[in-house]
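Q: I'd like to ask some things about the structure below.
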Amino acid sequence: MSILLFLFLLLFIPILFTLFHIKKMNNMKYNLPPGPTKLPIIGNLHQLQGLLHRCLHDLSKKHGPVLFLRQGFVQMVVLSSSEAALEALKTHDLECCNRPMTNALLKYIREEETDLMIKKLKESAQKKSPVDLTKTLFHLSASNSIVFRAAFGQSFLENKHINKEETEELMYEAQRINSYKFSDLSPS
C-alpha cells in the first residue's frame, strides 16, 4: 500500500507542478503593443501580402504607430513613426540593437561590387589573361567585398593594408562553421 501511495505521489507532484506552472504563465501579462489577430503557427504572415511597407502602413493606420506582429515563430514590434522610434531607441536601446539587416539596405553596394567584378573580368578577357573564377566568385558570394565595404566604406579587393589570403581563409572557415545550425530547424 505504501509503495502504491509513493508511486502515486511520484507521478502526481510533477503533474501538479506542471499544471501550476502553465497556469502561472497564462496569467502573466505581457506589456505588448496592440496588433492584428494572429493565426496559431504562421502568426501575421497572411496579413503581409504585397509590398511590405504598404502592408505595414495599412496596419499602422489601423493599430497605431507601434504594433506587435508575429511572423512564424519570430515576434517583433514595428515602429512606424519617427516619434515612436526615437522613444524606443531612448528607453529600449539595448533591445533594439539586434535589428536584422535587410537586403534593400545593401542593394547599391551589391550592385556596385558586382559591376566592379564584371569590369575586372572584362579587363582580364581583353588582356587574354587567365582568371581564377573560384577566387573571384568567392569574393562576391562570400560577401567579402560587400560586408567589408558596408563596414569600412572601401572595397575589400582595392584595400592594400589587408592580407587577403588570411582573410579569405578566415572567411572560408567562418562560412563553413555557420553553414549548419541546429537552431534553424527548431521552431522556437
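Residue numbers (the numbering used here): 17 to 204.
Cβ coordinates follow ideal geometry from the N, Cα and C atoms, glycine included.
Contact defined as beta carbons within less than 8 angstroms: I believe Pro52 pairs with His73. What is the distance between those atoms, to the nearest angstrom?
A: That belief does not hold up - the Cβ atoms of Pro52 and His73 are roughly 13 angstroms apart, past 8 angstroms.
Q: Excluding sequence positions up to five away, which residues of its chain have a Cβ less than 7 angstroms from the Cβ of Ser18?
A: Contacts found: none.
Q: Short of 8 angstroms in beta carbon distance, which residues of its chain neighbour Leu137, apart from the five on each side in sequence? Order them along the chain.
A: Once the five neighbours on either side are set aside, the close Cβ partners of Leu137 are Val147 and Thr152.
Q: Near Leu23, which residues of its chain fall below 6 angstroms by C-beta distance, leaving aside the five closest residues on each side in sequence?
A: If we look at Leu23 and ignore the five residues flanking it on each side, it has no Cβ neighbours.
Q: In this structure, does DSSP put Gln91 in helix, strand or coil?
A: Correct three-state label for Gln91: strand.
Q: By Cβ distance, which residues of its chain are closer than 7 angstroms to Ile58, with the 5 residues on each side in sequence left out?
A: Here the set comprises Gly88.
Q: Can you tell me the Cα-Cα spacing of Asn43 and Arg70, whole angstroms?
A: Since pLDDT at Asn43 reaches only 49, below the 50 mark, its modelled position is unreliable, and the value read off the structure follows with that caveat. Their Cα atoms are separated by approximately 35 angstroms.
Q: Does the distance from the CB of Ile178 to the CB of Glu129 come in under 8 angstroms?
A: Not in contact: Ile178 and Glu129 (Cβ atoms no closer than 8 angstroms).
Q: Can you have a look at Asn60 and say buried or exposed, based on whether 16 or more other CB atoms are within 10 angstroms of its CB?
A: Answer is buried; the Cβ neighbour count reaches 16.
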